[in-house]
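Numbering (my numbering), first residue to last: 1 to 180.
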């Protein structure tokens, strides 16, 4: 049994020409079976379906990881601010401005993020080699992709650190000192 394919270019929609193509084939060989008629776009979509599914799954898990990183950073920074409320109150009583307190809290979060990004880039480079077949038009060590990922994580870290930093900058020194 020989399997073959027939590709026909038409000026009408591909499936509308299917009957004419069948008649043309059967005029040459009446015993020739024709069981799968599809447009080229459909065939290409079928052949890339599993790859698209895996890429969508990867994007979904990447988004989930980014959300977890944001929530984790927010949680760590909120806890740190809560633990340091007394210290922040003393510093503000001694003249530290709210802006300085905000910068310090966000800076601490960004230092943690820089360490995490460096470790993540190292692991990402290793994982990138393994997932090279899923990356279309992007090399695993592509500087623009790595820079964009690091910048996105930096922005997420700033956003996650800002609320605890804002809360820390509003600490009333009298209340913070009275709590101890």
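C-beta: ideal position from N, C-alpha, C; glycine also.
By how many angstroms is the C-alpha of residue 111 removed from the C-alpha of residue 154? 10 angstroms
Sort 4, 9, 157 and 94 by Cα distance to residue 174 and report the nearest one. 94
For the alpha helix (DSSP H) containing residue 130, list its first residue and its last residue. 98-130
Quick one: give me the first and last residue of the alpha helix (DSSP H) that residue 26 is part of. 18-28
What's the gap between the Cα of residue 160 and the Cα of residue 14? 52 angstroms
Do the CB positions of residue 32 and residue 25 come within less than 8 angstroms of each other? yes
Could you have a look at residue 69 and say whether DSSP puts it in helix, strand or coil? helix
Can you say whether residue 123 is buried or exposed, counting buried as having 16 or more other CB atoms within 10 angstroms of its CB? exposed
Rounded to whole angstroms, how far is the Cβ of residue 105 from the Cβ of residue 77, which I believe are closer than 8 angstroms? 6 angstroms
DSSP three-state call for residue 166: helix, strand or coil? helix
State the DSSP-derived secondary structure class of residue 77, mapped to helix, strand or coil. helix
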